[in-house]
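Have a look at the structure below before the remarks.
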Ligand SMILES: [Zn+2]
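This is the structure:
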């Protein structure tokens with residue numbers, strides 16, 4: 231496992247919405263494809279609808295109905311130069327910890343997938359096993375969106391190896407990232423009524439959004455989530471130029487963290503209407519647009535076959551994650567999905583990202599049990 235992880239970490243696969251950091255994931259996909267072919271998988275590479283022609287990998291071993299999907303993403307976030315104690319592309323080890331960019335999120339999970347596959351290969355698989363590795367999870371999720379658009383494999387159950395410290399996750403919030411722009415009319419500040427102040431207009435919009443957030447909190451409350459309500463965060467604000475000039479322009483960027491069961495489009499529409507209402511009569515123009523495509527909320531039923539199987543294996547109930555994953559897209563494609571992986575989210579997207587060897591071994595055991603359950607015995611235990 232160390233050798234495989236060393237190789238995966240040594241291949242840079244940064245994805246970013248910022249052009250200067252963004253890299254192709256072809257080299258890492260080709261390495262994964264090689265290993266999978268060596269394990270008897272049929273491998274298909276799919277070009278994702280992404281700027282750099284990045285690739286998704288869909289590999290299958292065995293045939294027939296049912297089976298299991300082990301899924302993950304190939305990309306990492308960019309790293310902060312100078313803030314790492316070791317080279318982010320060289321696997322380092324200290325006691326129980328392995329260090330390197332992506333070890334937790336989520337190259338380590340692939341290594342555990344391979345080990346689990348090798349452990350169960352000597353048995354007769356009656357049902358297929360898929361391994362899916364996507365592009366651009368960290369920068370808009372174009373990989374999984376492409377997969378959903380072009381048709382997902384005919385599978386039923388999928389485990390996504392995102393970093394959950396091996397606790398099962400069956401729900402998380404969705405995210406919509408939005409921008410509101412306001413155009414007013416400049417003028418001399420000595421008489422503000424002679425212009426239309428875009429900053430003053432944005433202040434009213436922000437009040438309206440905060441009021442909306444409060445109302446949403448009384449309407450939707452799910453104690454399983456932390457925080458238990460839909461939240462809206464103001465992330466950036468810009469506008470105006472000079473203190474003695476009426477501000478002709480302002481913009482506000484914010485994100486909305488959605489609870490399951492709340493529809494993004496309807497919520498966006500209502501927010502826009504309230505923003506427009508707030509600036510009515512001011513003589514400004516207001517527009518709202520999504521900065522990135524939204525990620526829907528994810529919720530699998532507590533009674534799903536996969537959730538129950540995983541809970542039985544782990545001996546504890548599946549819960550929530552504070553971060554978004556590709557799970558809602560696989561769910562939209564009709565799969566029964568659980569997020570469960572060896573990395574720790576606390577160290578993901580950070581300098582000195584680390585992975586516990588103990589946790590990695592635990593992941594191998596759990597994945598091997600799931601392969602046994604779904605590919606060797608079958609879902610009905612037959
Ligand atoms: Zn991840």
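Residue numbers (this note's numbering): 231 to 612.
The C-beta atom is built at its ideal place from N, Cα and C for all residues, glycine as well.
With distances taken from CA atoms, which of the options is nearest residue i?
i: residue 559; options: 525, 432 and 583; result: 525
i: residue 501; options: 518, 258, 351 and 262; result: 518
i: residue 598; options: 478, 587, 344 and 315; result: 344
i: residue 407; options: 362, 387 and 487; result: 487
i: residue 295; options: 303, 235, 346 and 385; result: 385
i: residue 378; options: 340, 565, 258 and 578; result: 565
i: residue 434; options: 450, 421, 410 and 417; result: 410
i: residue 578; options: 278, 310 and 361; result: 310
i: residue 389; options: 491, 567, 589 and 236; result: 567
i: residue 491; options: 531, 353 and 463; result: 531
i: residue 260; options: 245, 478 and 237; result: 237
i: residue 368; options: 232, 231 and 255; result: 255
i: residue 428; options: 305, 316, 469 and 322; result: 469
i: residue 458; options: 446, 467, 466 and 465; result: 446
i: residue 415; options: 393, 456, 357 and 480; result: 480
i: residue 226; options: 509, 452 and 370; result: With the chain running from 231 to 612 in the structure shown, residue 226 is simply not present.
How would you write the range of the beta strand (DSSP E) that residue i sits in, first residue to last?
i: residue 303; result: 298-303
i: residue 585; result: 584-586
i: residue 520; result: 515-525
i: residue 389; result: 387-390
i: residue 469; result: 461-469
i: residue 479; result: 479-488
i: residue 452; result: Looking at the DSSP string, residue 452 is not in any beta strand (DSSP E), and its letter there is neither H nor E.
i: residue 291; result: 285-291
i: residue 622; result: The requested residue 622 does not occur in the structure, where the chain is confined to residues 231 to 612.
i: residue 272; result: 272-277
i: residue 355; result: Note, residue 355: premise wrong, no beta strand (DSSP E); not H, not E.
i: residue 329; result: 327-329
i: residue 411; result: 404-413
i: residue 550; result: 549-551
i: residue 322; result: 322-324
i: residue 609; result: It is not in any beta strand (DSSP E) - residue 609 carries neither H nor E in the DSSP assignment.
i: residue 567; result: 566-569
Consider the Cβ of residue i: report whether some Cβ of chain D lies at a distance smaller than 7 Å.
i: residue 314; result: This model lacks chain D altogether, as it is built from one protein chain only.
Mind checking whether the beta-carbon of residue i lies closer than 6 Å to any heavy atom of ligand 1?
i: residue 336; result: yes
i: residue 392; result: yes
Near residue i, which residues of its chain fall below 6 Å by C-beta distance, leaving aside the five closest residues on each side in sequence?
i: residue 585; result: 328, 333, 334, 338 and 573
i: residue 360; result: 290, 299, 383 and 385
i: residue 612; result: Since pLDDT at residue 612 reaches only 42, below the 50 mark, its modelled position is unreliable, and no value is offered.
i: residue 276; result: 286
i: residue 581; result: 310, 313 and 314
i: residue 257; result: 241
i: residue 563; result: 378 and 382
i: residue 282; result: 254
i: residue 455; result: 550
Confirm the yes/no value for this check: CB of residue i, any heavy atom of ligand 2, distance under 6 Å.
i: residue 340; result: By its list of ligands, the structure shown excludes ligand 2, since it contains just ligand 1.
What are the boundary residues of the alpha helix (DSSP H) that residue i is part of?
i: residue 496; result: 494-508
i: residue 562; result: 557-562
i: residue 237; result: 232-240
i: residue 361; result: Run containing residue 361: none in the alpha helix (DSSP H); it sits in the beta strand (DSSP E), 359-364.
i: residue 543; result: 535-544
i: residue 373; result: 372-380
i: residue 258; result: 256-268
Can you find the residues in the same chain that come closer than 8 Å, C-beta to C-beta, to residue i, ignoring five residues on each side of it along the sequence?
i: residue 211; result: Examination of residue 211 is not possible in this model, given that the chain is present from 231 through 612 alone.
i: residue 321; result: 232, 235, 236, 239, 240, 328, 329, 330 and 333
Excluding the five sequence neighbours on either side, which residues of its own chain have a C-beta within less than 7 Å of the C-beta of residue i, listed in chain order?
i: residue 506; result: 516
i: residue 534; result: 566
i: residue 417; result: 424, 425 and 476
i: residue 463; result: 484 and 485
i: residue 242; result: 253 and 319
i: residue 366; result: 245, 278, 280, 284, 305, 372 and 373
i: residue 609; result: 296 and 535
i: residue 514; result: 412, 413, 414, 426, 428 and 431
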